[in-house]
Amino acid sequence: MKTVPAIMESLAEPLATIKAAPLKGIRAEQAARVVRRIVDNESLLRRLDVAAFNSAP
Amino acid sequence: MFRASGAGPPIGQYILKVHGRCDLACDHCYVYQSVDQSWRDKPRSMSSPVLRAAARRVAEHAAARGLSRVRVVLHGGEPLLVGVERMRELLACLRSTIEPVAGLDLIMQTNAVRLDAPMCEVLKEHGVRVGVSLDGDREANDRHRRFANGDGSFDRVRAALALLRTPAYRELYAGLLCTIDLANDPELVYEALLAELPPRVDFLLPHATWQHPPPRPGDDPTPYATWLSAIHRRWLADRRPMRIRLFEALESTARGGPSGSEQLGADSVDLVVIETDGHYEQVDTIKTAYPGAPRTGLTVLTHPVDDVAVLAPVAARQTGIDGLSPTCRTCPVVTQCGGGLYAHRYRPGTGFDNPSVYCADLRVLIDRTNEENRMHAENGKPEDTGAVPTAVIHQIASGFGDAETIGWLAEQELAITRALLFAVVDQHGANAAWEILGNVEAMAPDAVREVLAHPYVRPWAVERLRGGGVSYLGALAAASAVRAGIPVEVEVEAVDGVVHLPEVGTVHLPIGATGPARLRFDGAALRLTRSGEEIVADLSRHAPTESWQPVRRVALADGWTVRIEDGDPARACHRWPLTGRLRDDEERDWRSALAEAWQLIRAEVPGYAPALRTALRTVVPLRADESGAQRASTARHAFGSVAAALAEPADLAVLLVHEFQHGKLGALLDLCDLFDLNSDARMMVGWRPDPRPVEGVLQGVYAHAAVADLHRVRLGRDEHAEQVYAKYHRWTVDAIDGLRATGGLTPLGEDFVDRLAATVQAWDS
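Chains A and B, in that order, are what the protein sequence lines are. For the first sequence, full-length UniProt numbering begins at 1 and goes up steadily by one. For the second sequence, full-length UniProt numbering begins at 1 and goes up steadily by one.
Structure (structure tokens):
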């Protein structure tokens, strides 16, 4: 299976935005990134793989 | 078909065409609308004998080539057309046949119009990740993605995506695939995709060849580059709010890394298609080239995968840049472009030995994105670019961490909790408590900040986002208002006989009382009404009563204030049995032990003191072990808290230092990967009888180094210190060596371990 770790992401980027926003002003997509990392344990290594989204049915 | 020399490359990815028809009639689909019309001659769906043969071929190839993992992509046509029961059967067949040999990752690419809860249950049962095709907003999507009767699919797809965002099925959601159409506004497409909160997005250039070039309306010679660049600029300005594979591939290849994409770069393509009739085919996008283009003439019923791997067209996809056309090989951006998608290179007469029909667009897109990425990086502050400060990593790696470093980590943890709280509301819906919390924050942000810094807010939010737990919002709103001195009335939830208000105190109800209650604060007293009975707590007296326990703060030397937490039900996330509400004498014992332990820590190992003083907010009493063994715990999501059974001060000092090392490392691991989460590596360690994963070993090493350090200081003063030091030192050194050999550490993790090792080695001198 061709999956290759490439660039390392960090959660610091969405957190910088979240820190600056009031609770009700947090953007859903930034919160979703945190959920994927913290709750779903998503890797921050950008694992690039050839077959993902290979093509559209 | 020509055969290449040798055994051919190992094939790790399989596109399994489980159903050959589709319930949409998209006019841009390469399967049904391209020059290859072979779908008409194939079975509607994959039969059981073909499926079993395919699974066996995948398994035997993985075994023969020593592949530890393979990936099977369920594809079509439309894979959901097989129905729930057939889907369950085929997934069970794949798992039972392949998994005894190799790890199996299952992915589905679907139009999602038939995705419903029963199907999601089956996919969840077998761990299938789902990629969904969506071309943007309603107008963009329904331009092509229509049913045969002309109706658009947008509403059905959005309903499916909403299902994939629920706590029950979020784990299935892999991402979105969007096919580009220049008629669509790129920013509207971007916003529509972003609104679906996809883990990942990829953009697909319309299928085209030199024989059938893509439409290029207007005067722009590179309109596809223009379209994608508009999204790239917006994506950077929005601080990359979702992963976009095309742009990540360009970033990666600009640094000399892989592309991870068929569309770009020169990565080898180790995949084979298995059609509904069992025939192996090459990647089926080349159906756009000429009739029969992907055919191999081989089938799972009669041929092993090895026979496909040696075919010249398959082997040619492994040769990288050397396999590209002469024009491509001399191009300055060839390492980023890689000739583009294989199918896009086709021209009658010269076959695939050409640049992409999108060559001009790709060249402009690559140059622009490189320049825009460079400018974005230069203009951004370190935190804007997602960087964890190097000093933070180095300090934590040394085993210690000054107040500034730990304070920075605590700020990140608070931001994580705020994000999770927002996500809970996004998932479960806003209510009056959320409104109150927002209003209190506007008036008294520090009060809300103090409450949300309570270590057990995050464990609750995580449980809630996984579909469990009860609402804690009322308690958070009430606690914030009380801290700010703002009168409030809000509904709260009683859990197991308590209503806990973080940083304020705990209302104790009859044992086991659970359910909604009304809480009112008039600026001086709390009134909790439940089942017609009212409990009143006069907060001005700061004294416990039978039904009210104010937060137990312990002010210690050198400015450290720690709470003894014996009320919050969320502290049950620790593995060990908890004490109930402490008696007065028990609280006195804890206060005394904490004061003495803190004194010892400051005297013996002052290097660990700043971290504890800055971020260890809470100690949770555990029930003592009946045999007298020490007992302590750190909960992964409860940064700022440790749980322990009461111990002698000298032992409690060790427990606090030990457990908070886990907290520090856990906070760093939230922000960056020190090990590969996909690593299956296991190793034996001195402190456990069973093989441990990399994360467990890393946590153990980090905490045990501190325990060894503390006993090193006690050598000569404590009769047990020499033995304990020797044991923990040996465990640490051995495990550091073992960690380095697993191959499971990231480069950052290797550096982290090297720095920790340097701290340990320094003891010898």
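Heads up, the beta-carbon is just placed ideally off N, CA and C, and yes, glycines get one too. Since the model is a prediction, treat every value here as computed from it, not as a measurement.
Check	Outcome
Three-state secondary structure (DSSP) of B/P487	coil
Interface flag, B/G744 vs chain A, CB-CB below 8 Å	no
Residue-level contact to chain A via CB, B/C337, 8 Å cutoff	no
8 Å Cβ cutoff, B/E493 in contact with chain A	no
Best match in B/D306, B/R345, B/I511 and B/L311 for proximity to B/L324 [C-alpha to C-alpha]	B/R345
Beta-carbon contacts of B/L74 that lie in its chain and below 6 Å, excluding the five residues immediately before and after	L16, V18 and M108
B/S45 - DSSP class collapsed to helix/strand/coil	strand
Between the CA atoms of B/R295 and A/L15 - distance to the nearest angstrom	49 Å
Nearest residue (CA-CA) to B/D361, options B/M46, B/L264, B/A484 and B/R755	B/L264
B/R740 to B/V760 span [Cα, whole Å]	15 Å
Three-state class that DSSP yields for B/F675 in the structure shown	strand
For B/L715 and B/P649, believed in contact at Cβ under 8 Å, the rounded distance	That belief does not hold up - the Cβ atoms of B/P649 and B/L715 are roughly 19 Å apart, past 8 Å.
Proximal residues to B/A543 (C-beta, below 8 Å), its chain only, five neighbours per side dropped	P550
Contacts around B/A309, its chain only, beta-carbon distance under 6 Å, and the 5 residues preceding and following it disregarded	G8, P9 and I11
Helix, strand or coil at B/V451 [DSSP, three-state]	helix
Classification of B/T634 by the beta-carbon crowding that lies within 10 angstroms, buried from 16 upward	buried
For B/A758 and B/R712, the rounded distance between their alpha carbons	16 Å
Chain-ordered chain A contacts of B/A423 [CB-CB under 9 Å]	I26, A28, A31, A32, V34, V35 and V39
Residue-level contact to chain A via CB, B/P677, 8 Å cutoff	According to the sequence shown, residue 677 of chain B is Leu rather than Pro. Closer than 8 Å: yes.
DSSP state of B/I564 mapped onto helix, strand, coil	strand
Segment contact flag, the stretch 327-336 of chain B with the stretch 182-189 of chain B, C-beta cutoff 8 Å, min 3 pairs	no
Among B/A410, B/S259 and B/L301, the one whose alpha carbon lies nearest that of B/I321	B/S259
Three-state class that DSSP yields for B/T385 in the structure shown	Residue confidence for B/T385 is low, a pLDDT of 47 falling below 50, so the modelled location carries little weight; the figure read from the coordinates is stated next. Three-state DSSP puts B/T385 in a helix.
Nearest-angstrom Cα separation, counted from B/G666 out to B/D384	Its pLDDT being 46, under 50, B/D384 is placed unreliably by the model, and nothing is read from it.
First and last residue of the uninterrupted alpha helix (DSSP H) at B/H126	Segment: none, B/H126 is in no alpha helix (DSSP H) and carries neither H nor E.
Backbone CA spacing between B/T253 and B/T335 [nearest angstrom]	7 Å
Inter-stretch contact at 8 Å, needing at least 3 Cβ pairs: the stretch 222-229 of chain B / the stretch 360-379 of chain B	yes
Chain-ordered neighbours of B/I416 on chain A, where CB pairs are closer than 9 Å	L11, L15, I18, V34, R37 and I38
Separation of B/F422 from B/I393, as counted between CA atoms	28 Å
B/G323: first and last residue of the uninterrupted beta strand (DSSP E) it sits in	Per DSSP, B/G323 belongs to no beta strand (DSSP E) and is neither H nor E.
Span of the beta strand (DSSP E) around B/D538	E533 to D538
Interface residues of chain A facing B/M242 [CB-CB closer than 9 Å]	E29, A32 and R33
Proximal residues of chain E, C-beta to C-beta of B/G438 below 8 Å	Of the chains in the structure shown, none is chain E; the protein chains are A and B.
Contact residues within the stretch 223-243 of chain B, judged by C-beta distance below 9 Å to chain A	D238, R239, R240, P241, M242 and R243
Endpoints, the alpha helix (DSSP H) within which B/A139 is located	The amino acid at residue 139 of chain B is misidentified as Ala; the sequence shows Glu. Counting along the chain, the alpha helix (DSSP H) containing B/E139 begins and ends at R138 to H144.
Proximity test, Cβ basis, 8 Å: B/L197 and chain A	yes
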